[in-house]
Amino acid sequence: MPSSDGASERTLNADAPGRDMAGLYNVLGVGQHATPAELKRAYRRLALQHHPDRNPGSAADGADFVRIQYAYDVLSDERKRRIYDRYGEMGIRMAGRVGGELLDPQVSNMLSGLAFASSLMALLFVLFFALLAHRVDRP
């Protein structure tokens with residue numbers, strides 16, 4: 003259902019080729035500097051308007067609702083929003099595949115600690131056998 007404020011038009015055209023980096027902001031109808039409260043208010047308004055239960059016969063509203071939910075999920079999460087602002091949706095997809103900044107800081111710290119520990123073990127292994135070889139070679 004088109005609304006008088008043009009929100010439906012924005013959401014329907016959000017996937018248009020060549021759209022700018024502000025695509026998800028356009029989906030919610032907010033600016034790039036929107037506060038969390040403004041994002042939430044815009045999301046709730048649009049989610050109610052496009053919810054499939056309120057418009058059971060409209061496939062377009064169902065697709066719009068999914069896009070609105072996705073936009074809010076990305077923009078309401080500080081880390082995802084930072085990635086989106088810098089790299090766009092491709093950054094969100096890539097970060098989701100490889101972890102990137104989306105990893106929990108504790109997990110990131112554990113993985114880097116694990117890498118350090120394995121490097122240290124390899125170094126100790128090499129030193130042990132180098133020392134052993136040195137002792138064996140001594141007359």
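Per the numbering used here, the sequence shown starts with residue 3, numbered consecutively. Every residue gets a Cβ at the ideal spot worked out from N, C-alpha and C, and that includes glycine.
Buried versus exposed, by CB contacts within 10 Å (16 or more), residue i
i    : result
V29  : buried
H136 : exposed
V128 : exposed
Q34  : exposed
A119 : exposed
V68  : exposed
Among the options, the one whose alpha carbon lies nearest that of residue i
i   : options            : result
G25 : S121, M123 and Y89 : Y89
Whole-angstrom distance between residue j and residue i, CA atom to CA atom
i    : j    : result
P58  : Y74  : 22 Å
S121 : F130 : 14 Å
R84  : L41  : 15 Å
G31  : A117 : 44 Å
L77  : M123 : 42 Å
L50  : K82  : 24 Å
Contact belief for residue i with residue j at Cβ below 8 Å, rounded distance in angstroms
i   : j   : result
Y86 : I70 : Incorrect: roughly 15 Å between the Cβ atoms, too far for contact.
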